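Student: Numbering (full-length UniProt numbering), first residue to last: 1 to 549.
Okay, handing you the structure first.
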């Protein structure tokens, strides 16, 4: 293999310049390595879709050279897209026992569990994926068994942190392995590819132990039903809430399918061993209000989540009202503000007290590294180059400034940038096509494709459909029928006007267009747009069904 053929490169396909949808690629020679494969949730700018995944087309076109996919930890934005994209990738997967357990459940739901080869790697283990020599380094995060990666190649060592923080008392799982990180730094590191999500928070990270104390103290002062919402995959927080509830003499009920799946996976791997079994959801109304704590999904205002349905009084078995309390033990992900505030407003309207960390209670701490944590990481690793990743652009630039404080050159990337790491200059040398796909039932749709474009247009401008029967010569039989759900009320004056103007317009379609269904249909669509737009000033999705009898 020549020096050129053995070159090392890094390519983020998702997760750089935004939060979520992580999909990172490394190339050594002609062989590719994928790291993480996560989902993202749509924000206010994409109401036509709820769950998004990165478009993997670039690596799918090179799938025969994809050696494997390594999962750093079991959060949805790092593991959630595997079941959606694996049939396109078709490669073996490498994960720790907990991440593998969570992943198998997801693959089982997608009926892929018998097809996917998962290599279970112990925490801190060392293994090979094709030509890549990889070592896991345990780091603290809000899910068990989070691992940074030391990727050793003939061209140099790259440390890929995944999600991490420094917490001397994480309560679930070990603290970040500071000593091992320093030893790897002593080897000499070419580049540090590092999480940027919480880098704008000054100082050192707060500890999960502080949250446990804060929640225990708070629950001891409350009466009525208590509900706590958090990220479903945060095992440490679920344990903290459960321990605080037990200290207050309350039993715990899990509300939401993802929380129940987490409970099974965590206990299967030996976590939550000090927590009493959770009651099933149907037992809620058999427990006194002052003796219950519910852990509920939906901290980000997801429309179909348990908390959103409870707030709108549409949940099948749970209700909250006057005298009850909802505690938000989570952060607000940028883009979800409007949805979260709507849920909180609905809860408050029902008489529920809503408590967030903005009120001074120690009820949440981030699982991501703060500014001081990041500085410590650079002191340990001492890389030649810093590559900030996993965050919005403001996070990446703040991270780059911290690296520069340490005298380390920083390279800012956008999704699709191909960064040459060695040999030669460390710089962006090419760009790969990127994008987002929407999960729509059991299929994936391009965000800029016809289906979602039409859905977006219908969402804001509505849809109008006309049905027209014509004879063999193309002349209209009877009256055209118009349906405009979400746009016009049947029988209202405006609806009648549109129908009359449309009827008159299609009578004037030239004879030469009447014998061809396609030409007649396009002319009728133009007539319908004109009839509708004169007063409503809308541009809805327009369609005309032509039935020739």
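C-beta: ideal position from N, C-alpha, C; glycine also.
Being a predicted model, the structure only gives us computed values, none of them experimental.
1. Could you tell me the distance, in whole angstroms, from the CA atom of residue 338 to the CA atom of residue 293?
2. Which term fits residue 368, buried or exposed, when burial requires 16 or more other beta carbons within 10 angstroms of its beta carbon?
3. Return yes when the Cβ of residue 116 is within less than 8 Å of the Cβ of residue 70, no when it is not.
4. Could you check which residue in 395, 67, 440 and 525 has the C-alpha nearest to that of residue 201?
5. Which residues does DSSP pair with residue 301 in a beta bridge?
6. For residue 91, which option in 37, 75, 111 and 125 has the closest C-alpha, if you only look at C-alpha atoms?
7. Roughly how many angstroms separate the alpha carbons of residue 515 and residue 468, rounded to a whole number?
8. Kindly confirm or deny that the segment 239-253 and the segment 338-353 touch, where touching means at least three C-beta pairs closer than 8 Å.
9. Going by DSSP, what residue range makes up the alpha helix (DSSP H) through residue 543?
10. Exposed or buried, which one is residue 4 when buried takes at least 16 other CB atoms within 10 Å?
11. Could you tell me which residues DSSP pairs with residue 137 in its beta bridges?
12. Whole angstroms are fine: how far does the CA of residue 373 sit from the CA of residue 204?
13. Take the Cβ of residue 341 as the centre, count every other Cβ of all protein chains shown within 10 Å, and call the residue buried at 16 or more, exposed below.
14. Measure the CB-CB distance between residue 171 and residue 105 and report whether it falls below 8 Å.
15. Of all the options 150, 490, 183 and 525, which has the alpha carbon lying nearest to the alpha carbon of residue 503?
16. Does DSSP classify residue 483 as helix, strand or coil?
17. Within 10 angstroms of its Cβ, does residue 466 collect 16 or more other Cβ (buried), or is it exposed?
18. Do you know how far the Cα of residue 210 is from the Cα of residue 87?
19. Would you identify the three-state DSSP class for residue 78, choosing helix, strand or coil?
20. I'd like to confirm the pairing. Which residues does DSSP put opposite residue 317 in its beta bridges?
21. May I ask you to report which of helix, strand or coil DSSP gives residue 127?
22. Exposed or buried, what is residue 137 when buried is set at 16 or more other beta-carbons lying within 10 Å of its beta-carbon?
23. If you follow the beta strand (DSSP E) that residue 370 is in, where does it begin and where does it stop?
24. Give the secondary structure of residue 231 by DSSP, where H, G and I count as helix, E and B as strand, and everything else as coil.
25. On the three-pair Cβ rule with 8 Å, is the segment 144-157 touching the segment 61-77?
26. For residue 14, count the other beta carbons within 10 Å of its own beta carbon; 16 or more makes it buried, fewer makes it exposed. Which is it?
27. Starting from residue 436, follow its DSSP beta bridges and name the residues at the other end.
28. Do the segment 181-197 and the segment 379-391 make contact, defined as three or more Cβ pairs closer than 8 Å?
29. Just to confirm the assignment, what range does the beta strand (DSSP E) spanning residue 24 have?
30. Apart from the five residues just before and just after residue 399, which ones in its own chain have a Cβ nearer than 6 Å to its Cβ?
31. Compare the C-alpha of residue 58 against each of 439, 94, 488 and 418 and name the closest.
32. Should residue 2 be labelled buried (16 or more other beta-carbon atoms within 10 Å of its own) or exposed?
33. For a quick check, are the C-beta atoms of residue 148 and residue 161 less than 8 Å apart?
34. From what residue to what residue does the beta strand (DSSP E) around residue 119 run?
Tutor: Here's the rundown:
1. For the purposes of this step, residue 338 is taken as residue 338 along the chain shown, with counting starting at 1. For the purposes of this step, residue 293 is taken as residue 293 along the chain shown, with counting starting at 1. Inter-residue distance for residue 338 and residue 293 is about 26 Å (C-alpha atoms, whole angstroms).
2. Reading the chain shown from its first residue, position 368 is the one you call residue 368. Looking at its Cβ environment, which holds 16 or more other Cβ atoms inside 10 Å, residue 368 is buried.
3. For the purposes of this step, residue 70 is taken as the residue at position 70 of the chain shown. For the purposes of this step, residue 116 is taken as the residue at position 116 of the chain shown. The answer is no: Cβ separation not under 8 Å.
4. The residue given as residue 201 occupies position 201 in the chain shown. That would be 395, whose Cα lies nearest to the Cα of residue 201.
5. Sequence index remark: in the chain shown, residue 301 carries index 301 (1-based). BP columns for residue 301 are empty, so no partner.
6. In the chain shown, counting from the first residue as 1, residue 91 sits at position 91. For the residues 37, 75, 111 and 125, the minimum Cα distance to residue 91 belongs to 37.
7. The residue labelled residue 515 in the question sits at position 515 within the chain shown. The residue labelled residue 468 in the question sits at position 468 within the chain shown. Rounded to the nearest angstrom, the two C-alpha atoms are 14 Å apart.
8. no
9. Residue numbering aside, residue 543 sits at position 543 when the chain shown is read from its first letter. Counting along the chain, residue 543 falls outside any alpha helix (DSSP H), though it belongs to the beta strand (DSSP E) covering 541-548.
10. Along the chain shown, read from residue 1 onward, the residue named residue 4 stands at position 4. Confidence at residue 4 is low in this model, with a pLDDT of 45, below 50, so its placement is unreliable and no value can be given for it.
11. As a working mapping, residue 137 is identified with position 137 in the chain shown. Paired residue(s): 148.
12. The residue given as residue 204 occupies position 204 in the chain shown. The residue given as residue 373 occupies position 373 in the chain shown. Each residue's Cα considered, the two are about 6 Å apart.
13. In the chain shown, counting from the first residue as 1, residue 341 sits at position 341. Classification for residue 341: exposed.
14. Position 171 of the chain shown, counting from 1, holds the residue named residue 171. Position 105 of the chain shown, counting from 1, holds the residue named residue 105. No.
15. Residue 503 sits at position 503 when you count from the first residue of the chain shown. Comparing Cα positions, the closest option is 525.
16. Within the chain shown, numbered from 1, the residue matching residue 483 stands at position 483. Residue state, collapsed to three classes: strand.
17. Locating residue 466 in the chain shown gives position 466, where the first residue counts as 1. When all chains shown are included, residue 466 counts as buried.
18. Within the chain shown, residue 87 is the residue found at index 87, counting from 1. Within the chain shown, residue 210 is the residue found at index 210, counting from 1. One C-alpha to the other measures close to 43 Å.
19. The sequence position of residue 78 within the chain shown is 78, counting from 1. Three-state DSSP puts residue 78 in a helix.
20. Along the chain shown, read from residue 1 onward, the residue named residue 317 stands at position 317. Its beta-bridge partners do not exist; DSSP assigns none.
21. Here residue 127 refers to the residue found at position 127 of the chain shown. Reduced to three states, the DSSP call for residue 127 is strand.
22. Reading the chain shown from its first residue, position 137 is the one you call residue 137. So residue 137 ends up on the buried side.
23. On the chain shown, position 370 is the one that residue 370 refers to. Here residue 370 belongs to no beta strand (DSSP E), and DSSP marks it neither H nor E.
24. Walking along the chain shown from the start, residue 231 turns up at place 231. Coil, per DSSP.
25. yes
26. Counting from one through the chain shown, the residue named residue 14 turns up at place 14. The C-beta of residue 14 has 16 or more other C-beta atoms within 10 Å across all chains shown, which makes the residue buried.
27. Counted from its first residue, the chain shown places residue 436 at position 436. In the DSSP output, where bridge partners are listed per residue, residue 436 has 54.
28. The segment 181-197 vs the segment 379-391: in contact.
29. Position 24 of the chain shown, counted from the first residue, corresponds to residue 24. Here the beta strand (DSSP E) through residue 24 covers 23-28.
30. Residue 399 sits at position 399 when you count from the first residue of the chain shown. Correct list, in chain order: 196, 199 and 388.
31. Within the chain shown, the letter at position 58 stands for residue 58. Of the listed residues, the one whose Cα sits closest to residue 58 is 418.
32. Here residue 2 is taken as the residue at index 2 of the chain shown, counted from 1. Low per-residue confidence applies at residue 2: pLDDT is 38, beneath 50, and the placement is therefore not dependable enough to give any value.
33. Taking the chain shown and counting its residues from 1, the one referred to as residue 148 is at position 148. Taking the chain shown and counting its residues from 1, the one referred to as residue 161 is at position 161. Contact: yes.
34. Taking the chain shown and counting its residues from 1, one reaches residue 119 at position 119. 118-120 is the span of the beta strand (DSSP E), which, as asked, contains residue 119.
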